[in-house]
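Residue numbers (our numbering), protein chains in the order written: chain A, 187 to 541; chain B, 187 to 541; chain C, 187 to 541.
By construction, the Cβ of each residue, glycine as well, lies at the ideal position given by its N, Cα and C atoms.
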Amino acid sequence: MTKTYPGNFFEDFTLGQTLPHGTPRTLTEGDSSLYVALTGSRYPLHCSRPTAQSLGLQGQTIDDLLAFHIAFGKTVTDVSFNALANLGYADVRFVKPVFPGDTLRSESKVIGLKENSSGKNGNVYVRSTSYNQRGDEVLTWARWVMVHKRDPGAPAPEAQTPTLPDHVDVANLPIPPGLDTSDYDTAVTGSPHLWDDYQPGERIDHINGMTVDESDHTLATRLYQNNARLHFEEHMMKSSRFGRRLMYGGHVISICRALTFNGLANAIGIAAINSGAHSNPAFAGDTFYAYSEILDRLELPGRTDLGALRVRTVGVKNMESEKITSAKVEKDGKMRYHENVVLDLDYTVLIPRRR
Amino acid sequence: MTKTYPGNFFEDFTLGQTLPHGTPRTLTEGDSSLYVALTGSRYPLHCSRPTAQSLGLQGQTIDDLLAFHIAFGKTVTDVSFNALANLGYADVRFVKPVFPGDTLRSESKVIGLKENSSGKNGNVYVRSTSYNQRGDEVLTWARWVMVHKRDPGAPAPEAQTPTLPDHVDVANLPIPPGLDTSDYDTAVTGSPHLWDDYQPGERIDHINGMTVDESDHTLATRLYQNNARLHFEEHMMKSSRFGRRLMYGGHVISICRALTFNGLANAIGIAAINSGAHSNPAFAGDTFYAYSEILDRLELPGRTDLGALRVRTVGVKNMESEKITSAKVEKDGKMRYHENVVLDLDYTVLIPRRR
Amino acid sequence: MTKTYPGNFFEDFTLGQTLPHGTPRTLTEGDSSLYVALTGSRYPLHCSRPTAQSLGLQGQTIDDLLAFHIAFGKTVTDVSFNALANLGYADVRFVKPVFPGDTLRSESKVIGLKENSSGKNGNVYVRSTSYNQRGDEVLTWARWVMVHKRDPGAPAPEAQTPTLPDHVDVANLPIPPGLDTSDYDTAVTGSPHLWDDYQPGERIDHINGMTVDESDHTLATRLYQNNARLHFEEHMMKSSRFGRRLMYGGHVISICRALTFNGLANAIGIAAINSGAHSNPAFAGDTFYAYSEILDRLELPGRTDLGALRVRTVGVKNMESEKITSAKVEKDGKMRYHENVVLDLDYTVLIPRRR
Chain A
187 MTKTYPGNFF
197 EDFTLGQTLP
207 HGTPRTLTEG
217 DSSLYVALTG
227 SRYPLHCSRP
237 TAQSLGLQGQ
247 TIDDLLAFHI
257 AFGKTVTDVS
267 FNALANLGYA
277 DVRFVKPVFP
287 GDTLRSESKV
297 IGLKENSSGK
307 NGNVYVRSTS
317 YNQRGDEVLT
327 WARWVMVHKR
337 DPGAPAPEAQ
347 TPTLPDHVDV
357 ANLPIPPGLD
367 TSDYDTAVTG
377 SPHLWDDYQP
387 GERIDHINGM
397 TVDESDHTLA
407 TRLYQNNARL
417 HFEEHMMKSS
427 RFGRRLMYGG
437 HVISICRALT
447 FNGLANAIGI
457 AAINSGAHSN
467 PAFAGDTFYA
477 YSEILDRLEL
487 PGRTDLGALR
497 VRTVGVKNME
507 SEKITSAKVE
517 KDGKMRYHEN
527 VVLDLDYTVL
537 IPRRR
Chain B
187 MTKTYPGNFF
197 EDFTLGQTLP
207 HGTPRTLTEG
217 DSSLYVALTG
227 SRYPLHCSRP
237 TAQSLGLQGQ
247 TIDDLLAFHI
257 AFGKTVTDVS
267 FNALANLGYA
277 DVRFVKPVFP
287 GDTLRSESKV
297 IGLKENSSGK
307 NGNVYVRSTS
317 YNQRGDEVLT
327 WARWVMVHKR
337 DPGAPAPEAQ
347 TPTLPDHVDV
357 ANLPIPPGLD
367 TSDYDTAVTG
377 SPHLWDDYQP
387 GERIDHINGM
397 TVDESDHTLA
407 TRLYQNNARL
417 HFEEHMMKSS
427 RFGRRLMYGG
437 HVISICRALT
447 FNGLANAIGI
457 AAINSGAHSN
467 PAFAGDTFYA
477 YSEILDRLEL
487 PGRTDLGALR
497 VRTVGVKNME
507 SEKITSAKVE
517 KDGKMRYHEN
527 VVLDLDYTVL
537 IPRRR
Chain C
187 MTKTYPGNFF
197 EDFTLGQTLP
207 HGTPRTLTEG
217 DSSLYVALTG
227 SRYPLHCSRP
237 TAQSLGLQGQ
247 TIDDLLAFHI
257 AFGKTVTDVS
267 FNALANLGYA
277 DVRFVKPVFP
287 GDTLRSESKV
297 IGLKENSSGK
307 NGNVYVRSTS
317 YNQRGDEVLT
327 WARWVMVHKR
337 DPGAPAPEAQ
347 TPTLPDHVDV
357 ANLPIPPGLD
367 TSDYDTAVTG
377 SPHLWDDYQP
387 GERIDHINGM
397 TVDESDHTLA
407 TRLYQNNARL
417 HFEEHMMKSS
427 RFGRRLMYGG
437 HVISICRALT
447 FNGLANAIGI
457 AAINSGAHSN
467 PAFAGDTFYA
477 YSEILDRLEL
487 PGRTDLGALR
497 VRTVGVKNME
507 SEKITSAKVE
517 KDGKMRYHEN
527 VVLDLDYTVL
537 IPRRR
């Protein structure tokens, strides 16, 4: 019996199956420092203890996306080690903040299966949840991936695709317990813009860009203990259709979120990701830019200190975001992503209101 | 109204103006680890708790230059986002040590303005100060930068240039409270040379060199949350006169300080930077070497355990430092920096005396 | 008198000499985070506090190899700064676990000297030991290096080579105090294989690979404060026979240990390294793969919860490990290492037994 774990193939998944994932991970201030070094992020809840405490939290929190990537990384071995493509995310909720010292473990449940017409692979839908050391749910998300079959002759399971919300409803948006922004001081970010100032339909080009090199994205992806081979093995990827290592899409999300600081500096936390698409592959050497559209401005039930914005952030490679008027362009009669667009992310942020 | 912040242009500055800078930052042991990984620094006050405690401090301190780069990084958005050149530093004083857990915020005051003859830009002089979470001043420095005008037709302000000391006087040299090197043991560095052993005029070639790659300098500069675009955007810099990303000059200072360990190992802390010039640009792939000249040996008032050395460290790229006899060479009748010299730093270090 | 330290040459060593090494180092959670980012390691004792505590330890430990590289790095200045080659290791014992907050200092004793027939260099054998802040021995190892003579005319010392064990006997294998794996749950790694499941002679190909870039190995080696010039100076190395920087062999060990997780996930700690050879040089851009052979399955005296496996891990560059049937191949009538084999490591790991 071989001791190595080849990951699950399409026919290994069954509807309703629970997959507990290995390697719980304690997050520390060291992870936070690295995350700043990898992304340049400046959101104050994650890098300033006094700021976090003045807003009712026990201390600075682990960046929402850092926690997500680590929680997500644990699922790769069992869910997407043999994936051809990461097809989408839905209903990602940042249920509770993660603090340095907390330990995350993740678990997934198979919520849908559908063999593709080729018979060579199929789509697997999972609901993944991450828990801290007290057993509290801290993160939950749905995603679906296209996974190879081990044996093309294996019979197809009954097709079943889950119903997933196209966005997280305002009633389900998690808010960190204790967070109170009644006395929020915009001096902490240097930006005057609060919830009240953003208008649905408004577009923001974030000006700054960021080039990502091989060591940057591989350090990030190793930090997340994500072991998907295509990010790490130049030798193997040379003979792939990309000809080289592919950047973990989550790192692109992190870079774009960091870039949005210039224009959305007071969007102090991410409450939910409604949907996301990695519309084109990203590689070392690419320079990323981003623009955002305000999709909605949401009042939070019972809160006058804090509101939410539903934001669409579009990540663009090797081209200033101002040059992209629309993420999708018509081609052969179809709307397709512009070839420089690498990310189309619909998410909801928390932002203080003007008093 | 646009939500992105384009930074200040020359005509946005007024004499006496105070600029509070955003994003306070809590420094942690994670930052210290990264700093060691980025520089290879071995100075013991910053990496050994028992050593720091045996010398009267509460624990290991954040490296002086790491604290400086983070404090400095906060000023970039408001002071030098639209700078063409960082012209100089003066009167940099490391007022109080920074410990893991301390939070820094920075503030600048405009102390001089002078439009250049081209009418397209001008020099801005600022005095920047960084404070910890208790409001104690921990770092203060003057610098001047050449900043673009937004509108070349904007009227020139009355020219005013500040008087700045050419070096920090011994009476103003900060010494960490509690530091007592009476029982200093040279075994902690493995080097026998103390204050008494250095002679003004003496030159030290530091032997070791360090190649810096793209991810190294960008990780460092992101860690400092310095968002100057020219360090990060390969796409933008391709069309600049450099043709590529420029290394943050502060990283060159850090690399050279780390190299000086071999020859100045017992120079346990930096008290002041008297002046500094980034004499040539530095790029990824460059290998840095350094030599130092002892400019002065200073007794500290009331101290027999500790003295100071005023040191000039010259950073050299892609050439062993021994091959440089003088940082400046005559060219067309003028003394100019040798084309391989990237740094000329005049600073004052603290070093135990022989008992 | 020059202040720089040129390191020791062959004639500077004398039998029985003790070399205390400089720069004690406090290890922190920041170092652990970086180690994960540099290697992708997932062994749970080092990254999960609850797991470590559930097995009787006070908290997560510093990765065995991270501690080793830092302890080892301190010896470079005095032992191998002028080395041509690192010839071998023996009797490496991980005597006590290292926890975040512990401070290591190292010391070496010269245990053998033998001038080579060329008269230009000689082999130096040292026994190095690293101590924590309480003076407890935490690591000990023997190694031998080939060191240049300063003066080829210097007389040869009497040749003396130490007797070193070819492996660490089971009676001498250190076990972390308090470690009790009676209630070990394989869910922490996701792998079901325990001590009982491995058979001497069994081979495991670890599937995953890892490409290492320049910033990866230089960040690691700087983190260890290892100042051997050949890892860092592209300028100098361009004219060497390698034409470029050489990767620190210890980083190759770390990468291979991280890769073995897939197949040896429950090998939660390294008790000893019996011997090791860096059989071919490794460079940035290389992709590493690994396979392991189980050399022996060892009962630990008085323990039914925990056993040991003696493992040979072979590191392979730029070729899937499955393609290597034997680390050595016949060439010109001699058995030599396959040109893609970069590491041949014989070590002993601790692994829970089935109850």
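**Q.** Proximal residues, the segment 229–251 of chain B versus chain C, C-beta separation under 8 Å
**A.** 230, 233, 234, 235, 236, 237 and 246
Q) What in chain C is Cβ-close to residue 375 of chain B, meaning under 9 Å? A) 208 and 209
(Q) By DSSP's criteria, residue 204 of chain C is part of a beta bridge. Which residues make up the other side? (A) C:295
Q. The segment 389–405 of chain C: which residues have C-beta closer than 7 Å to a C-beta of chain A, in chain order?
A. 390, 391, 392, 393, 394, 395, 396, 397, 399, 401 and 402
Q. Is residue 230 of chain B buried or exposed, if buried means 16 or more other CB atoms sit within 10 Å of its CB?
A. buried
Q: Look up residue 346 of chain C in the DSSP assignment and say whether it is helix, strand or coil.
A: strand
**Q.** Cross-chain neighbours of residue 226 of chain C in chain A, by beta carbon under 7 Å
**A.** 408, 411 and 413
Q: Would you kindly work out how many angstroms separate the C-alpha atoms of residue 289 of chain B and residue 234 of chain C, rounded to a whole number?
A: 27 Å
**Q.** Contact residues within the segment 496–516 of chain C, judged by C-beta distance below 9 Å to chain A
**A.** 503, 504, 505 and 506
Q: Would you please state the rounded distance, in angstroms, between the beta carbons of residue 332 of chain C and residue 270 of chain C? I believe it to be under 8 Å.
A: 5 Å
Q) Are there three or more Cβ pairs, one per stretch, closer than 8 Å when the segment 404–415 of chain C is compared with the segment 246–266 of chain C? A) yes
Q | Helix, strand or coil at residue 355 of chain A [DSSP, three-state] | A | coil
Q) Candidates C:200, C:441, C:313 and C:390: which alpha carbon is nearest residue 407 of chain C's? A) C:441
Q) How is residue 492 of chain C classed by DSSP in three states: helix, strand or coil? A) strand
**Q.** Strand pairing of residue 396 of chain B, partner residues [DSSP]
**A.** B:474
Q.
For a quick check, are the C-beta atoms of residue 227 of chain C and residue 444 of chain C less than 8 Å apart?
A. yes
Q | Length at least 4, wholly inside the segment 387–458 of chain C: the alpha helix (DSSP H) runs in chain order | A | 400–409, 420–423, 435–445 and 447–450
Q. At which residues does the alpha helix (DSSP H) containing residue 250 of chain C begin and terminate?
A. 250–261
Q: Please name the residues in the segment 418–440 of chain C whose beta-carbon is closer than 8 Å to at least one beta-carbon of chain B, in chain order.
A: 418, 419, 420, 421, 422 and 431
Q. At a Cβ threshold of 8 Å, is residue 535 of chain B touching chain C?
A. no
Q: Would you verify that the beta carbon of residue 305 of chain B is, or is not, closer than 8 Å to some beta carbon of chain C?
A: no
Q: Return the Cβ separation of residue 265 of chain B and residue 324 of chain B in integer angstroms, given the expectation that the two are a contact with Cβ distance under 8 Å.
A: Incorrect: roughly 19 Å between the Cβ atoms, too far for contact.
Q: Please report the Cβ distance between residue 306 of chain A and residue 197 of chain A, rounded to the nearest whole angstrom; I am assuming they are in contact, meaning their Cβ atoms lie under 8 Å.
A: With 8 Å as the limit, residue 306 of chain A and residue 197 of chain A do not qualify as a contact, their Cβ atoms being about 12 Å apart.
Q.
My assumption, with CB atoms under 8 Å, is that residue 359 of chain A sits in contact with residue 534 of chain A. Please give the rounded CB distance.
A. 6 Å
Q: For residue 295 of chain A, collect the residues of the same chain with a Cβ closer than 6 Å to its Cβ; drop the 5 residues on either side in sequence, then sort them by chain order.
A: 204 and 313
Q) At a Cβ threshold of 8 Å, is residue 293 of chain A touching chain F? A) This model lacks chain F altogether, as its protein chains are A, B and C.
Q) Tell me the DSSP bridge mates of residue 314 of chain B? A) B:294 and B:327
(Q) For residue 433 of chain B, count the other beta carbons within 10 Å of its own beta carbon; 16 or more makes it buried, fewer makes it exposed. Which is it? (A) buried
Q.
Check whether the segment 338–347 of chain A and the segment 210–221 of chain A are in contact - that is, three or more C-beta pairs closer than 8 Å.
A. no
Q) Using the C-alpha atoms, what's the distance from residue 426 of chain B back to residue 202 of chain A? A) 56 Å
Q.
Below 8 Å on the Cβ atoms is my contact criterion, and I expect residue 220 of chain C with residue 220 of chain B to pass it. Report the Cβ-Cβ distance as a whole number of Å.
A. 7 Å
Q.
Quick test of the definition: if touching needs 3 or more C-beta pairs under 8 Å, does the segment 246–253 of chain B touch the segment 515–531 of chain A?
A. no
Q | Buried or exposed (CB count within 10 angstroms, at least 16 for buried), residue 428 of chain C | A | exposed
Q) So, do the segment 187–195 of chain C and the segment 470–477 of chain B have three or more beta carbon pairs nearer to each other than 8 Å? A) no
Q) Taking the DSSP output, what are the residues bridged to residue 520 of chain B? A) B:517
(Q) Give me the subset of the segment 443–460 of chain C whose CB atoms are less than 9 Å from a CB atom of chain A, sorted by chain position. (A) 444, 447, 448, 449, 450 and 451
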